[in-house]
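Numbering (our numbering), first residue to last: 338 to 1167.
Quick reminder that beta carbons are idealized off the backbone N, C-alpha and C, glycines included.
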């Protein structure tokens, strides 16, 4: 008996030892491929040429400064009324810049492929390694890769990479582009037998509750000078659990050649990706030679089933879903165009809280980080490729590179992005000038064929302005159905979705005009607002809505627009007007509003001194405008009651008070405890309103359902500005040199009420291992630098952005303003 027990114990010890060895082996295999792709962002040198002295050269006397990527040099400059970029480009200059970096490559990697990958460089980038020219890429928004292996020094000898970025020819964009290596850079090290860049393509052709079939296409390259026999294995994981595996393929690949292999897998009881629960899977592809894994490539994907229906709109996993989307430009407000994952995540969190479920990448390939976040957070993405084709919109834009580059750029975008489950629509162009002629049809057919060759799983659209001529009755603003002319591209049958930019008066007639093709509103609304500004509304204007070209501005304020939803562009509408139509009809699959956030440049309708847009539902600093809560009341299950404006006016002044609410029959408004009336939404109303004379005190609103209180909210008259309050979106951030804390600064009176007209200059200082990387108030007219340590508040609010260092510890941020009590907040980095 003792012998058996001892033998059993030995067996258990042996099994445990084997388990430890296997686990260690798995960890080592994981570690072996952890370095396939590593960040190459740190410790670059940068030089911005003086256009007169430097011309197009660098040399021994060139002065460099050290920085980390991503980097946007334009945001560091001064706003310039005479900037060649124009007001559309944000009145910030481009220029010509140089980047260089010295680095070593391990001797052990001399038998491997070492590549450098740029996620985006704006624009006209050229790259050299150790004096050898690697190539040029004009497009500023698409990623690209160069194999450096043949030119590298290995071991202790240094390598030098140089990148030239030429954004000197202006204007080349209708919005703020930024300048420089503004997206992430990576070093990729692989075996000579490896999966190519963007080398997998996963589709789920059949999805049921019981099982999902997964097709996996893999591009493999053999850069050896001899044939290689290998095994291809692909395993599917849900988090850390294996849930499926594909067919195993054994194959021999000839020297210096590539191949495409297709395998199939099945996932039982799949957990579907949806906007409420964006579930993700991971496919791990391994190339095995002589029982050794020589390459491992991971692909995140989602399993979902969708279609756009002519009658029911957008159907996701068998459920009708209205797309409630926004258009977004790529800049991150005060951070400029330099990509930061946390900054994008914050934008998406703010939009998600509003009820947004869709993002349109206007009007270019987005940063990969945006798509990764949309995958994880649940957004319906329209991935857009081009703002122009052969015909220019600005003198030096992408049309100049069209003939040579559009095929390559579009293919790269498709292969890079096509595994993202958040992408549901490909857009091949925005407001293309050629849309009204036959030449445009031929280009559209070419682009559509490129898309379908690389991905047949998603519909193709183009953002047309509009797909039909308007024929609007100027009195009723209704669409007249007589003599309708259809856009040639829309009529060609090349598109899977008819994309409407504006023209909301025509939406109800979509099925008559396009009986065979479903609908998507690619761009809508274009309402204009300045956050927190409401002066002279009922006194100046009695008829709404107001078009921007009627110059609805206050002479003392300059280019400032009322934050009531009452000012619109001539081609667009108010926010309420378009949503009412989209909401009404099932066959209208949804819309993408112009825009989610304000953005730098294109300060429609005004010119100097405006330097950013007025279109956003959220301002440049990330502070919601009032209309945000209209959408929240319509698009979410949250209980909403929001009243505005502020309650600081001249005695006796007539003020319009609006309320957005839901889940209630009525709202009653009280001024200093006395009721000024009950209001209920009638018909398709989206707000209620009172017009009352101002008295200082407390304005209180109560919403009720069947006589019972649902929600209460109030606004108080503020006294003189007294003190500052700091609130961080996150008080603990990562000590990784990239993470951000967004700190809101509120100017309060002595009782803690926001001072809504306070525009004090605020000075910031920071102690600890970190730095201030952005300041902003959301004011479209401010010319203060976003990169300083001081900024003037707009209507009681300001933002300061703090970035961590690579050391953990404590950051102490202090805000001061003349005549106000200062404030300090502590942010922990770990």
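- Straight-line measurement puts the Cα of residue 1101 at about 7 Å from the Cα of residue 1150.
- Between the beta-carbon of residue 1124 and that of residue 413 there is about 6 Å, and that keeps the pair under the 8 Å contact cut.
- Residue pairing from DSSP places residue 1030 in a beta bridge opposite 991.
- With fewer than 16 neighbouring CB atoms inside 10 Å of its own CB, residue 601 falls in the exposed class.
- For residue 465, the three-state secondary structure derived from DSSP is strand.
- Two segments are said to touch when three or more pairs of C-beta atoms, one from each, lie closer than 8 Å; by this definition the segment 586-597 does not touch the segment 634-642.
- Here the segment 990-1002 lies against the segment 1026-1034, with 3 or more beta-carbon pairs under 8 Å apart.
- Contact between residue 1065 and residue 1143 is ruled out by a C-beta separation of about 20 Å, above the 8 Å threshold.
- Around the CB of residue 597, fewer than 16 other CB atoms lie within 10 Å, so the residue is classed as exposed.
- Inclusion of residue 544 and residue 697 in the CB contact set at 8 Å is not warranted, their separation being larger than that value.
- Pairing residue 777 with residue 771 gives a Cβ-Cβ distance under 8 Å.
- Distance from the CA of residue 995 to the CA of residue 1024, rounded to the nearest whole angstrom, comes to 7 Å.
- Going by DSSP, residue 382 is part of the beta strand (DSSP E) stretching over 381-385.
- An exposed status is given to residue 690, since fewer than 16 other beta-carbon atoms sit within 10 Å of its beta-carbon.
- In this chain, residue 928 is not harboured by any alpha helix (DSSP H); it is covered by the beta strand (DSSP E) spanning 925-931.
- Looking from the CA of residue 703, the closest CA among 819, 862, 562 and 718 belongs to 718.
- Assigned with DSSP and collapsed to three states, residue 1130 falls in coil, not helix or strand.
- Boundaries cannot be given for residue 693, as no beta strand (DSSP E) includes it and DSSP labels it neither H nor E.
- Within 10 angstroms of the beta-carbon of residue 852 lie fewer than 16 other beta-carbons, which makes it exposed.
- Judged by their CB atoms, residue 1107 and residue 1141 are nearer to each other than the 8 Å cut-off.
- Contact between the segment 605-615 and the segment 708-724 is present: three or more C-beta pairs spanning the two stretches fall below 8 Å.
- Exposure of residue 744 is indicated by the presence of fewer than 16 other C-beta atoms within 10 angstroms of its C-beta.
- By the 16-neighbour rule on beta-carbons within 10 angstroms, residue 1022 is exposed.
- Judged by DSSP in its simplified three-state form, residue 1051 adopts strand.
- Residue 1052 and residue 1058 have their C-alpha atoms roughly 16 Å apart.
- The count of Cβ pairs closer than 8 Å, one atom from the segment 948-958 and one from the segment 977-988, stays below three, leaving the stretches out of contact.
- Scanning its chain for C-beta atoms nearer than 7 Å, with the 5 sequence neighbours on each side dropped, one finds around residue 1000 the residues 976, 1042 and 1047, in chain order.
- Under the DSSP assignment, residue 745 falls in the alpha helix (DSSP H) whose first and last residues are 739-754.
- DSSP, reduced to helix, strand and coil, places residue 787 within a helical segment of the structure shown.
- Its Cα nearest to that of residue 1167, the residue 1070 stands out among 905, 792 and 1070.
- Within the segment 627-711, the complete alpha helix (DSSP H) runs of at least 4 residues fall at 678-691.
- About 13 Å separates the CB atoms of residue 1082 and residue 671; that is not less than 8 Å, and the two are not in contact.
- In the structure shown, the three-state DSSP call for residue 714 is helix.
- Taken atom to atom, the span from the alpha-carbon of residue 1034 to that of residue 678 is near 43 Å.
- Partner residues in the beta bridge of residue 838, as assigned by DSSP, are 860.
- For residue 825, the enclosing alpha helix (DSSP H) begins and ends at 825-828.
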